[in-house]
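Trainee: In order, the protein sequences belong to chains A and Z.
Residue 1309 in this note's numbering sits at position 351 of the first sequence, and the numbers go up by one each step.
Residue 112 in this note's numbering sits at position 88 of the second sequence, and the numbers go up by one each step.
Glycine is no exception: its CB is placed at the ideal position from the N, C-alpha and C atoms.
All figures in this text were calculated on a predicted structure; none of them were measured in a lab.
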Amino acid sequence: MFDFSVVTTWFNDLLTGVMPQWLATTIECVIIAAVLLLAYSLLAMFYIMYERWVCAWFQCRRGPLRVGPWGSLQIFADVIKMLIKEVVDLWKSDNFLHKLAPYLVLIASVVVFACLPWGKGMQMIDFNVGIFFMTAVSSLGVVGILLAGWSSNSKYTLIGAMRSGAQMISYELSIGIAMLTIVCLSGTMSVTGLVEAQQNGWFIFTGHIPAIIAFIIYVIAATAETNRGPFDLPEAEHELTAGYHTEYSGIHFGFFYLAEYLNLFIVSGIASLLFLGGWMPLHIPGWEGFNTVMDYIPSTIWFLGKAIFVSFIIIWFKWSFPRVRIDQMLALEWRYLMPIGLVNLVVMAVLVSLGWHFAG
Amino acid sequence: MVLLGIQSTTLAVTAVLTGVVLVFAALLIARLIGPRSYTKRKGETYECGIPTRGESMAQFHVGYYLFAILFLMFDVETVFLFPWAAISKSLGTTTLLAVGTFLFILVLGLAYAWKKGALRWK
Chain A
959 MFDFSVVTTW FNDLLTGVMP QWLATTIECV IIAAVLLLAY SLLAMFYIMY ERWVCAWFQC
1019 RRGPLRVGPW GSLQIFADVI KMLIKEVVDL WKSDNFLHKL APYLVLIASV VVFACLPWGK
1079 GMQMIDFNVG IFFMTAVSSL GVVGILLAGW SSNSKYTLIG AMRSGAQMIS YELSIGIAML
1139 TIVCLSGTMS VTGLVEAQQN GWFIFTGHIP AIIAFIIYVI AATAETNRGP FDLPEAEHEL
1199 TAGYHTEYSG IHFGFFYLAE YLNLFIVSGI ASLLFLGGWM PLHIPGWEGF NTVMDYIPST
1259 IWFLGKAIFV SFIIIWFKWS FPRVRIDQML ALEWRYLMPI GLVNLVVMAV LVSLGWHFAG
Chain Z
25 MVLLGIQSTT LAVTAVLTGV VLVFAALLIA RLIGPRSYTK RKGETYECGI PTRGESMAQF
85 HVGYYLFAIL FLMFDVETVF LFPWAAISKS LGTTTLLAVG TFLFILVLGL AYAWKKGALR
145 WK
């Protein structure tokens, strides 16, 4: 399997050969930032189109197909449209907070995006507490959403933000507990460590029953965390116009839209990191030929494929279930998912201490 | 990247700056190429199309606070459990008992809140 670190070390040696270390580091940081920006925007565009195609498919429609092959250039038209719209300044809003909110939402999603395991040797931010860092940063997005709703000086945005806040903090607990279950099994919190630990079998297989329960809990909680249907009551369009971003216009609104789709990718990426082996190819013990063939597929393709697969499931939810009410939403988390998650965590801890899991 | 010898903290700061640049640059482009106009009612709150009545930064349902407080309790619990989970493999069954006691006390708190009807949306 191709190791991307060959490229990075070669490039690093090339730079340090002709210039001092600090300059080389700065240049590398700028390049990483540019790549990050490009990957973030392109993936957001792809995801917006992906959701439209999947939705069209579920509804037996044809979806966008006029602009470019299968409508693939539609998104560029949409971005340009959004860019050339006027950014309206509200008179009565809390101006500073109103402008600050999109920064918080986007920063949270960009930083978590940079933590994902992109492939072998393509890990960008790699703390030894990686997965914990991800949860910590992603909760910053809630602050952005609350600020957006509060500062817009509109009743709909306030209610939308409050609902969104209550929903996101509630479901964050289940996400945290599902992560804990896997950290318990792997014994490491670093992202590379988690991926390496799944060399001989993804956690969903080696952790068997508790890992599968944790995966189900994680996917449900992640759907709620990204404010997607059936948990899209923060932006229930027939009740609240558009929820917390009603008062934003043009590209200002576009940021929330962008972050929403990227968050869908991020939660799917974390799901594939925790349960489906990150960029690790599928290996079946004993099937040497099969494993070798799987190793030929590049690691980035594995990671993206898994993330897109999990996203497909999350998009599927939207068309299979009707929107929940707020009391049902809170009851589902506090009375079902969280107690089940806690019990599941204890079961996993017992299994690990007794060694009743498949050796990873 | 670890392989480049750059600290993860530096890269995290880079990622934060990338986010800032993304928002700032896009807003700048929008300001430059977008139209600007001024009309009498332009900056009014849109809400749902008709003029807003009353104060908008108003009081809201107290139930949200209740869930925020409950969240705080369980989120701090997660913070405590993460270090344990990371080394739980090497620790024996005794620690399992200790963590079980800790979780039991927390679950008692949840049960109390449940009994009091705090988990029911009114």
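When the cut-off is 8 Å and only beta carbons count, does residue 47(Z) lie next to chain A?
Mentor: Taking the first residue of the second sequence as 1, we reach residue 47(Z) at position 23. At least one chain A Cβ lies under 8 Å of residue 47(Z).
Trainee: Whose C-alpha, out of 1252(A), 961(A), 1214(A), is nearest the C-alpha of residue 1081(A)?
Mentor: Here residue 1081(A) refers to the residue found at position 123 when the first sequence is read from its first residue. The shortest Cα separation from residue 1081(A) among 1252(A), 961(A), 1214(A) belongs to 961(A).
Trainee: Against chain Z, with Cβ distances strictly below 8 Å, would residue 1111(A) count as a contact?
Mentor: Walking along the first sequence from the start, residue 1111(A) turns up at place 153. It does; some Cβ of chain Z falls within 8 Å.
Trainee: If you measure beta-carbon to beta-carbon, which residues of the segment 1055-1067 of chain A are closer than 7 Å to chain Z?
Mentor: So the list reads 1060, 1061, 1064, 1065, given in the order they occur along the chain.
Trainee: Do we get a CB-CB distance below 8 Å when we pair residue 75(Z) with the residues of chain A?
Mentor: Reading the second sequence from its first residue, position 51 is the one you call residue 75(Z). It does not: the Cβ of residue 75(Z) has no partner Cβ on chain A nearer than 8 Å.
Trainee: Using a 10 Å radius around the Cβ and a threshold of 16 neighbouring Cβ atoms, would you call residue 135(Z) buried or exposed?
Mentor: Looking up residue 135(Z) in the second sequence gives position 111. Under this definition residue 135(Z) is an exposed residue.
Trainee: Along chain Z, in chain order, which residues have C-beta atoms closer than 7 Å to that of residue 1050(A)?
Mentor: Here the question's residue 1050(A) lines up with position 92 in the first sequence. Within chain Z, the residues near residue 1050(A) are 69.
Trainee: Under 8 Å, Cβ to Cβ, is there at least one residue of chain Z near residue 990(A)?
Mentor: Sequence index remark: in the first sequence, residue 990(A) carries index 32 (1-based). True, the Cβ-Cβ gap to chain Z drops below 8 Å.
Trainee: Going by beta-carbon coordinates alone, are residue 1252(A) and residue 110(Z) separated by less than 8 Å?
Mentor: Position 294 of the first sequence, counting from 1, holds the residue named residue 1252(A). Position 86 of the second sequence, counting from 1, holds the residue named residue 110(Z). For residue 1252(A) and residue 110(Z), no; Cβs fall outside 8 Å.
Trainee: Any contact between the segment 1305-1313 of chain A and the segment 137-145 of chain Z? By contact I mean 3 or more CB pairs, one from each, below 8 Å.
Mentor: With the cut-off at 8 Å, the segment 1305-1313 of chain A and the segment 137-145 of chain Z do not touch.
Trainee: Helix, strand or coil for residue 1144(A)? Go by DSSP, reduced to three states.
Mentor: Working through the first sequence from its first residue, we reach residue 1144(A) at position 186. Reduced to three states, the DSSP call for residue 1144(A) is helix.
Trainee: Within 8 Å of any Cβ in chain Z, is that where the Cβ of residue 980(A) sits?
Mentor: Looking up residue 980(A) in the first sequence gives position 22. No, no contact with chain Z.
Trainee: Quick check on the DSSP output: the alpha helix (DSSP H) that includes residue 1286(A) runs from which residue to which?
Mentor: The residue given as residue 1286(A) occupies position 328 in the first sequence. First-last of the alpha helix (DSSP H) with residue 1286(A): 1284-1289.
Trainee: Residues of chain A with CB under 9 Å from residue 88(Z), in chain order?
Mentor: As a first step, residue 88(Z) is located in the second sequence; it is residue number 64 there, counting from the start. Ordered by position in chain A, the residues that pass the 9 Å Cβ test against residue 88(Z) are 1120, 1121, 1123, 1124.
Trainee: Let me confirm a value: residue 1264(A) is counted as buried when at least 16 other C-beta atoms fall within 10 Å, else exposed. Which label applies?
Mentor: As a position in the first sequence, residue 1264(A) is number 306, starting the count at 1. With 16 or more Cβ atoms within 10 Å of its Cβ, residue 1264(A) is classed as buried.
Trainee: Kindly say whether residue 1174(A), judged by its beta-carbon, lies nearer than 8 Å to any beta-carbon of chain Z.
Mentor: Here residue 1174(A) refers to the residue found at position 216 of the first sequence. No, because no Cβ of chain Z sits closer than 8 Å to the Cβ of residue 1174(A).
Trainee: What's the gap between the Cα of residue 959(A) and the Cα of residue 1079(A)?
Mentor: Position 1 of the first sequence, counting from 1, holds the residue named residue 959(A). Position 121 of the first sequence, counting from 1, holds the residue named residue 1079(A). In a straight line, the C-alpha of residue 959(A) is about 11 Å away from that of residue 1079(A).
Trainee: Of the residues that make up the segment 94-122 of chain Z, which ones have a beta carbon closer than 8 Å to any beta carbon in chain A?
Mentor: Residues 94, 95, 98, 99, 102, 105, 106, 109, 110, 111, 112, 113, 114, 115, 116, 117, 120.
Trainee: If you measure from the beta carbon of residue 1145(A) to each beta carbon in chain Z, is any gap under 8 Å?
Mentor: Working through the first sequence from its first residue, we reach residue 1145(A) at position 187. Yes, its Cβ sits closer than 8 Å to a Cβ of chain Z.
Trainee: Judging by CA-CA distance, which residue of 1306(A), 1268(A), 1106(A) is the nearest neighbour of residue 1008(A)?
Mentor: Here residue 1008(A) corresponds to residue number 50 of the first sequence, with the count starting at 1. It is 1268(A) whose Cα lies nearest to the Cα of residue 1008(A).
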